[in-house]
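What follows is a single structure, written as C-alpha cells, with notes after it.
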C-alpha cells in the first residue's frame with residue numbers, strides 16, 4: 001500500500017468520524033446519541049492502541065500477563081451500581097467536570113490540590129498520548145512499508161496530530177461550562193469503539209480460522225515453541241502476587257484515568273445507563289481479549305526468529321499473506337483506538353489545565369472585571385490552546401525521546417502514576433475524616449515513591465540498560481535498589497512500584513488525616529460526598545456558610561460568566577426551588593453554594609470559591625459548629641421530610657373525605673331518585689285502583705260484566721302493588737346485607753329445567769320456542785337454589801318478554817371451566833344498546849328510560865338478579881357483539897373452587 | 001258531542017277513564033303513547049286531551065310540544081296526568097302550555113267536572 005493511498009483512506013476515515021461528531025452534536029437530544037449503548041461503548045475508550053497492539057505483544061513475549069489489565073475492570077465493574085452512581089451524583093450536583101475538580105472540591109475547594117491532581121494527570125497521561133502517536137506512526141510505516149521520516153514535515157503523524165488537535169479543540173470546547181455534555185465527541189468515540197472491536201475480531205477470526213485451523217491448531221503448533229509452557233502459566237505464588245497488584249492497578253485506572261472520568265462521569269446523562277454498562281462493557285473487554293492469544297502465538301509461529309516487533313503481529317500477519325484490505329482495516333482499528341484516547345484525554349486534561357491550574361493560579365484576576373463575552377471567549381480559548389498544546393507536546397515527546405519502549409510498559413507506568421490519586425479519591429467517597437493535608441501528603445509521597453522506583457530507572461534505562469543505580473542501588477546501598485526497595489525482591493518492577501507507592505500513599509494519607517483536622521469546609525464537603533444520597537435533591541441545604549453577602553454582588557460575578565439572561569434564569573429557578581422571596585437582598589449559605597456551582601463548570605471549583613469569596617464577607621466557623629449545623633440541617637431535612645409527609649397525608653385524607661362526601665351526596669341523590677321512582681311506581685296501581693273503586697262506588701247502573709272487569713282490575717293492580725313492595729323489600733335486604741344466601745350442593749341443569757317447567761304457561765300463549773342446549777350435561781355448584789331459580793326465572797321471563805313477537809326463540813346454554821360455571825340466556829328480540837349494557841342492572845332502569853317500550857314488570861328484576869349473583873360471588877352481564885337479539889350471562893363459582901375455599 | 005283523547009300506557013287507568021267519559025257523553029279516543037296520540041290527532045280534532053306524562057317512546061311533555069306546534073290544535077285543552085307531584089314537575093307541565101295538571105291518584109268525578117269547566 002503506498003503512502004498517498006493510505007493517507008487518502010485516513011483522511012476519508014477521519015472525515016466520516018468528524019461528520020458523526022457534527023451530526024450527533026446537532027442531534028444532541030435524540031435517542032441516537034442519548035442511549036445506554038452509546039454510553040457503554042464510549043467507556044471502551046479504555047482500550048487504546050495499547051490494547052489493540054500491545055496486548056498481542058505481551059501475549060507473544062510473556063504469555064498470559066496481558067490479562068490482569070482487563071481482569072481488574074471486569075472484577076470491579078459490578079460495584080459500579082453503587083460506587084459509580086455515587087460519583088456521578090456527587091459530580092452532577094456539584095457540576096464537577098474533572099477528577100481534579102472532584103478531589104479539590106472534596107478537600108475544601110483546595111486550589112493547591114486541584115493543581116496537584118492536574119499535574120499528576122498531565123505527567124502520567126502525556127507520555128501515554130505520545131505512545132498513541134507512536135503507534136499511529138509505527139503502524140502507518142508498516143502498512144506502507146516505509147521508514148519513519150526524521151523530517152517532521154514529511155512525517156504523516158505530524159498532520160494526523162494537527163488534524164486531531166483541531167478536531168478535539170473544536171468539539172471539546174463547544175461549551176464554556178465544562179460540565180456540559182459533549183454528545184458529538186462521545187458518539188464519535190462510541191462509534192470508534194465499535195469499529196476497533198469489529199476490526200479486531202475480524203483479524204482474530206482471519207488468523208484463527210483462515211491462516212490456521214482453529215484454536216487447537218495454533219495451540220499444537222505453538223506448544224513446540226521455546227518457553228511456551230513457562231510463558232503460559234501464572235507461575236506460583238510470587239507471580240500470583242504480581243497479578244494481584246496489576247489487577248488492583250487496573251481497577252483503579254478504570255475510575256481514575258482522566259478519559260474514564262470524562263466518559264463515565266462527566267458525560268453521563270442518565271444514571272440508569274450504568275445498568276447497561278455493567279454488562280456490556282465487561283463483555284466488550286472479554287470479546288477484545290478473545291483473539292489476543294491466537295494472534296500472538298500465530299505470529300510467533302509464523303515469524304519465529306525473524307525479529308519482528310510482536311506488537312504489530314495483527315498487521316504483519318494479513319500483510320504476510322498479501323491481504324491488503326484486512327491490513328488497512330486493522331490499521332484503521334488501531335488508529336481509532338489511538339485517536340479516541342488522544343481526543344478524550346486531551347479534552348479532559350485541557351479542562352483540568354484551564355480550570356484547576358491556569359485560571360486559579362493565572363488569569364483569575366483578569367477575569368474578575370471583564371464582560372461575559374470576553375470571559376467566555378478567554379476560557380474557551382485557553383482550553384483550545386490547552387488541547388492543542390497538549391497534543392503537540394505529546395507529539396514533541398514522541399519525536400524527541402523516540403520512545404523505544406513497548407506500548408505496555410509506558411501504559412503501565414502511566415497507570416501507576418494515576419493510581420496515586422486512588423487513596424484521596426476513594427477516601428473522598430467513603431471516609432469523612434480524610435483531610436486536605438492527608439490527601440496532599442499522600443499524593444506527593446506516593447508520586448515520589450513511584451518516581452524513584454519507576455520513572456528514574458525507566459529514564460535511565462532509555463540510555464543505559466545495565467545501570468549501577470538499578471543493579472546496586474544509590475551509593476551501593478542495597479536496601480534502596482529501586483526495583484527491590486527494602487529488599488522486596490520477588491515483585492516485578494510495576495507491581496513493586498504499585499505496592500510501595502500505594503502503601504506509602506495510603507499510610508501517609510491516613511496518618512496525616514487522623515493527626516491534623518481539616519478546616520470546616522472540608523468537613524462540610526466530606527459530609528456531602530459521603531452521604532450524597534441524603535442531599536441529592538436539596539444539596540444546597542447541606543452547605544455551611546456564615547457571613548454577610550448581597551445577592552446583587554454575587555449576581556454581578558455570575559453575570560460576568562453566564563451573561564445576564566442565564567443569571568436571571570438561574571436566580572428564578574433558585575428562588576422557586578427554595579421558595580424564596582425575590583426581593584430579599586442578602587444571600588444565605590444555599591445561595592453561596594448555588595452560585596459556586598454555577599461557576600464551577602466554567603472555571604473550576606477552586607476559582608469559583610475564590611471569586612465568590614471576593615464579593616462576600618465570610619465569618620470564621622469552628623469545626624464543632626459546622627458539625628452542629630450539619631446535624632441540624634440533617635434534622636431539618638428529616639423534619640422537613642416528615643412535615644411534607646404529614647402534609648401529603650393530610651392532603652390524601654382530605655381528598656378521601658371529599659370523595660366520601662361526594663359519594664354520600666351521590667348516594668343521597670340516588671336515594672331521592674329511587675324514592676321518586678318508587679312513589680311513581682306505587683302510585684300507578686293505586687291510581688287504577690282508586691279510579692275503578694270510585695266508579696264502582698258512584699255508579700250503580702254499571703253493566704254486570706263491566707263491574708266484574710273493574711273488580712278484576714282492582715285485584716290485579718293490588719297484586720301488582722304487593723309484588724312491587726315485595727321486590728323493593730327484597731332488594732333492600734340484599735343491599736343492606738340482611739339477606740342471607742344458603743349455599744348447598746345443587747345441579748344447575750336440574751335447576752334450569754325446573755324453572756323452565758314453571759314458565760311453560762307463559763310461553764304457551766306466545767309463539768316462542770325455548771331450547772335448552774346441554775340439557776344432558778351434569779354441572780354441579782354450590783348455590784342457594786331458591787335464589788338462583790329466581791334469577792333464571794327473571795332472565796327467562798325477560799327473554800320471553802323481549803323475544804321476537806312473530807318467531808320467538810330463546811336459547812339457554814351452560815358451560816363449565818376451572819373457576820366458573822356459566823349460564824347463557826339468549827333471545828332473538830331487538831337486543832340491548834351497548835350504552836345500556838350496565839344500566840339495565842340499575843333499579844327501575846326501564847321506567848326511567850323513556851325510549852323503551854314499557855313492558856310489564858317492576859323494573860327491579862335485573863337489579864335483584866345482580867344482587868343475588870354477586871352474593872354468590874359470581875358475575876352477571878350482557879354479552880357484547882351479539883349478532884341478533886340479546887344475551888345475558890351469569891357465572892357462579894365452580895363447585896370445586898367453592899369447595900376449596 | 002265533545003271529543004276527548006286519552007293518552008296513557010296503563011290499560012286499567014285508561015279503562016276507568018274511557019268508561020267515565022263515555023258515560024258523560026264524550027266521544028273517546030285512546031292512545032297508548034305519545035306517538036299514537038299524534039297519529040290520532042292527524043285525523044281527529046278533540047276538544048280535550050288527557051296526557052299521561054311518563055310514557056314510553058314519546059312522553060307527555062314531548063307530545064304537548066308537538067301539539068303546540070300544530071295550528072289546527074290551537075283550541076284543544078290539554079290536561080296532564082302524572083304521578084310526578086313535585087312542584088317543579090307541575091310548573092314544567094304548565095309552562096309548556098297545559099291547561100291543567102292533575103296529580104295521580106285522582107278522583108274520576110272531579111276530573112270530569114274539571115274537563116267540563118275547561119270546555120265551557
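Residue numbers (full-length UniProt numbering), protein chains in the order written: chain A, 1 to 901; chain B, 1 to 120.
A virtual CB, placed ideally from N, CA and C, is assigned to each residue, including glycine.
Straight-line gap, residue i to residue j (C-alpha atoms, nearest Å)
i, j, result
"residue 496 (chain A)", "residue 556 (chain A)", "53 Å"
"residue 449 (chain A)", "residue 455 (chain A)", "9 Å"
"residue 797 (chain A)", "residue 673 (chain A)", "26 Å"
"residue 103 (chain A)", "residue 205 (chain A)", "44 Å"
"residue 141 (chain A)", "residue 21 (chain A)", "28 Å"
"residue 127 (chain A)", "residue 347 (chain A)", "16 Å"
"residue 386 (chain A)", "residue 332 (chain A)", "27 Å"
"residue 862 (chain A)", "residue 716 (chain A)", "22 Å"
"residue 546 (chain A)", "residue 445 (chain A)", "35 Å"
"residue 902 (chain A)", "residue 328 (chain A)", "Missing from the structure shown is residue 902 (chain A); chain A here goes from 1 to 901 and no further."
"residue 116 (chain B)", "residue 75 (chain B)", "15 Å"
"residue 802 (chain A)", "residue 10 (chain B)", "19 Å"
"residue 884 (chain A)", "residue 838 (chain A)", "19 Å"
"residue 7 (chain A)", "residue 47 (chain A)", "24 Å"
"residue 266 (chain A)", "residue 24 (chain A)", "17 Å"
"residue 853 (chain A)", "residue 783 (chain A)", "With a pLDDT of 43 at residue 853 (chain A), under the threshold of 50, the modelled position of that residue is not reliable, and no figure is offered here."
"residue 379 (chain A)", "residue 13 (chain A)", "31 Å"
"residue 501 (chain A)", "residue 51 (chain A)", "25 Å"
"residue 585 (chain A)", "residue 591 (chain A)", "11 Å"
"residue 42 (chain B)", "residue 33 (chain B)", "15 Å"
"residue 667 (chain A)", "residue 792 (chain A)", "29 Å"
"residue 87 (chain A)", "residue 229 (chain A)", "43 Å"
Top-ranked residue by Cα proximity to residue i, from the options
i, options, result
"residue 508 (chain A)", "A:450, A:541, A:514 and A:442", "A:442"
"residue 1 (chain B)", "B:24, B:99 and B:14", "B:24"
"residue 681 (chain A)", "B:96, B:90, B:112 and B:85", "B:85"
"residue 36 (chain B)", "B:100, B:66 and B:76", "B:66"
"residue 785 (chain A)", "A:819, A:805, A:817 and A:745", "A:745"
"residue 799 (chain A)", "A:820, A:771 and A:787", "A:771"
"residue 96 (chain A)", "A:167, A:180 and A:124", "A:180"
"residue 6 (chain B)", "B:92, B:79 and B:103", "B:79"
"residue 97 (chain B)", "B:106, B:62, B:107 and B:120", "B:62"
"residue 227 (chain A)", "A:376, A:300 and A:196", "A:300"
"residue 811 (chain A)", "A:842, A:780 and A:773", "A:773"
"residue 553 (chain A)", "A:719, A:164 and A:588", "A:588"
"residue 433 (chain A)", "A:481, A:510 and A:365", "A:510"
"residue 19 (chain A)", "A:225, A:192 and A:626", "A:192"
"residue 302 (chain A)", "A:224, A:367 and A:769", "A:224"
"residue 712 (chain A)", "A:696, A:293, A:723 and A:701", "A:696"
Distance between beta carbons of residue j and residue i, contact taken as under 8 Å
i, j, result
"residue 609 (chain A)", "residue 109 (chain A)", "4 Å"
"residue 100 (chain A)", "residue 356 (chain A)", "4 Å"
"residue 607 (chain A)", "residue 359 (chain A)", "5 Å"
Residues that residue i bridges to, as DSSP identifies them
i, result
"residue 820 (chain A)", "A:893"
"residue 557 (chain A)", "Residue 557 (chain A) pairs with nothing; no bridge assigned."
"residue 815 (chain A)", "A:822"
"residue 547 (chain A)", "A:618"
"residue 77 (chain B)", "B:48"
"residue 783 (chain A)", "A:744"
"residue 102 (chain B)", "B:81"
"residue 117 (chain A)", "Answer is none; residue 117 (chain A) lacks a bridge partner."
"residue 3 (chain B)", "B:27"
"residue 886 (chain A)", "A:827"
Chain B contacts made by the segment 857 to 879 of chain A, where a contact means CB separation under 7 Å: none
Taking any Cβ of chain A, which residues in the segment 96 to 120 of chain B have a Cβ under 8 Å from it, in chain order? 104, 105, 106, 107, 108 and 109
Contacting positions in the segment 683 to 695 of chain A - beta carbon closer than 7 Å to chain B: 683, 684, 686, 687, 688, 690, 691, 692, 694 and 695
Against chain A: residues of the segment 40 to 65 of chain B by CB proximity under 7 Å: Taking 7 Å as the Cβ-Cβ cut-off against chain A, the residues of the segment 40 to 65 of chain B that qualify are 54, 56, 57 and 59.
When Cβ atoms are compared, which residues of the segment 788 to 818 of chain A fall closer than 8 Å to chain B? none
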